[in-house]
Amino acid sequence: MKFGFVAKHRGAWPVNLMCEVPGVSRGGLYAWLTRPRSRCSLSDEVLGAQVRQSFVCSDCTYGARLGWHDVLEQG
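Residue numbers (our numbering): 1272 to 1346.
Quick look at the structure:
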């Protein structure tokens, strides 16, 4: 989360300052930027898209419980 914030705002502020505030290293930031995304992160993105689709298809009326059951039915 810290690296994501720094990467998002690195055009507006110097990288040294952005890394110093949350207490992360510049080397860690650049390693994070070049590292491929994990399987867990990719599966979370797919699940999030399914939840979003379920919510939109229900005319934005499904809550957490109905949305979860809808996603389970999709597989």
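Note that beta-carbon positions come from the ideal geometry of N, C-alpha and C, so glycine has one too.
Taking the C-alpha atoms as reference points, what is the distance between aspartate 1330 and aspartate 1315? Here residue 1330 refers to the residue found at position 59 when the sequence shown is read from its first residue. Here residue 1315 refers to the residue found at position 44 when the sequence shown is read from its first residue. Cα to Cα, the separation comes out at about 23 Å.
Sorted by chain position, which residues of the same chain lie with C-beta nearer than 7 Å to glutamine 1321's C-beta, five sequence neighbours on each side aside? Within the sequence shown, numbered from 1, the residue matching residue 1321 stands at position 50. Excluding residues within five positions, the ones whose Cβ falls inside 7 Å are Val1342, Gln1345.
Any idea if glycine 1298 is buried or exposed, counting beta-carbon neighbours within 10 angstroms, 16 or more meaning buried? Position 27 of the sequence shown, counting from 1, holds the residue named residue 1298. Its Cβ having fewer than 16 others within 10 Å, glycine 1298 is exposed.
DSSP three-state label for valine 1292, please. As a first step, residue 1292 is located in the sequence shown; it is residue number 21 there, counting from the start. Correct three-state label for valine 1292: coil.
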